[in-house]
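Using my numbering, you'd call the opening residue of the sequence shown number 901 and step up by one each time.
Backbone N, C-alpha and C define an ideal beta-carbon position, used for all residues, glycine too.
The structure appears below as structure tokens.
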Amino acid sequence: MKESHINKIKDLLRPGYYFCKDIVDLEGRKRLRKNIILNDLYLGKRAFLLLTGASLQQIDITKLKDEFVFGVGFIFLHKDIRKINLNFYMNAEPSKSLNPSNPNWPKSHLGPLGLEGMITFYKEVDERLENQTTLILHSDNYKYIEINNLFKDKTKYFIKGKKDLRINEKVPYKIIADLTRRSISGGGSVFFSILIMMYMGFKEIYLCGAGYTYEPIYMYHFYDNFVFPKNMGKQKVEIEARRAIEVRNRKEGSTLEYYGLFGKDDFYSGVYTRRMDNDPNKDKHRILNNYAKSQGVKIYNIVPDGFESPIYEKISWQEVENKILPGNPDKIRSINQVKT
């Protein structure tokens, strides 16, 4: 049977499977009921969502230390993550990153992935994030946390997710993203993260490092890009950066393009892009953005020079620094301030 047919059968059976599983999972239901405290807890506030795209390198996240900041995935690998007050770390679908053949697993930072991948992953989260960071994790993985005595000094909430993005503009976010039941949907970290933030009441959300929403797509992550020392000289670095992506394209059968260099500290990072005529991922972002607007939530996309944001409203990091963040008399007032 072809894989596509198998997936269709799984999609048909999934609702029934979820229903039966949740009925017998009494402890899981208790955990989810505790999430009611998060509903509209930060009503009208703004927040910054740290994603892991390579474009995050072009944002000085240390400037966000006085903001509400959320992080996902392997954000704990960022060298400055302990220099800010990371309020929340969310990971509802870690299993997708725990396949040894998955390019998202940063082997160069974390070593090879063993059989106990979930435990390895959670241990890294526990060691690398400060105790004041509140965790939002998948309820099914509670057993790994308890058995290994993880996150004992951290506040934890647990959620249950669905596979696909299922939203209806006529249904309020308090129902669509109700964390007290299996309701988070999306099929990707940015989707469930934004829905969770909406449930918590945030009305102004800034995406940081969302390169796959740009036009063209800004490829790779901040932790796995091609990096070259500046003392090589910019001309030689450019030659090597082009050569690196050509080798990668031949090896993987991809068609990524060299798009320039980004210099920071003592290194240059290659900027690589991909162009897609029909990107289903952007279709989901468009649906989510329209839903957010219907709920009074504004999503901004922090985009570097040379890129566009076809879905979310574009804003530059310089504009954020000069007009949004505290300490500047000309800063733009947040939605909450406007209302008051």
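Asked	Found
Residue 1094 versus residue 1105 - alpha carbon distance	8 Å
Extent of the continuous beta strand (DSSP E) to which residue 1173 belongs	1167 to 1174
Reduced DSSP category for residue 948 - H, G, I as helix; E, B as strand; rest coil	strand
Of the listed residues 985, 1193, 975, nearest to residue 965 (C-alpha basis)	985
Neighbour-count burial assignment, residue 1109, 16 or more Cβ in a 10 Å radius	buried
Environment of residue 1125 [buried if 16+ CB atoms lie within 10 Å]	buried
The region 971 to 987 in contact with the region 1030 to 1037 per 3-pair CB rule at 8 Å	yes
Three or more C-beta pairs below 8 Å linking the region 1110 to 1121 and the region 1202 to 1221	yes
For residue 1140, the three-state DSSP class (helix, strand or coil)	helix
First through last residue of the beta strand (DSSP E) which encompasses residue 1188	No beta strand (DSSP E) contains residue 1188, which is instead part of the alpha helix (DSSP H) from 1180 to 1194.
Residue 1060 beta carbon less than 8 Å from that of residue 914	no
Residues bridged to residue 1163 (per DSSP)	1168
Beta strand (DSSP E) runs contained entirely in the region 1012 to 1098, provided each spans 3 or more residues	1034 to 1038, 1056 to 1059
For residue 1203 and residue 1214, believed in contact at Cβ under 8 Å, the rounded distance	5 Å
Straight-line Cα distance separating residue 962 from residue 1233	Confidence is the limiting factor: at residue 1233 the pLDDT is only 43, short of 50, which leaves the residue's position unreliable and the question unanswerable from this model.
Inter-residue CB distance, residue 1079 and residue 1096 (contact presumed, cutoff 8 Å)	7 Å
Burial state of residue 1119, where buried means 16 or more other Cβ atoms lie within 10 Å	buried
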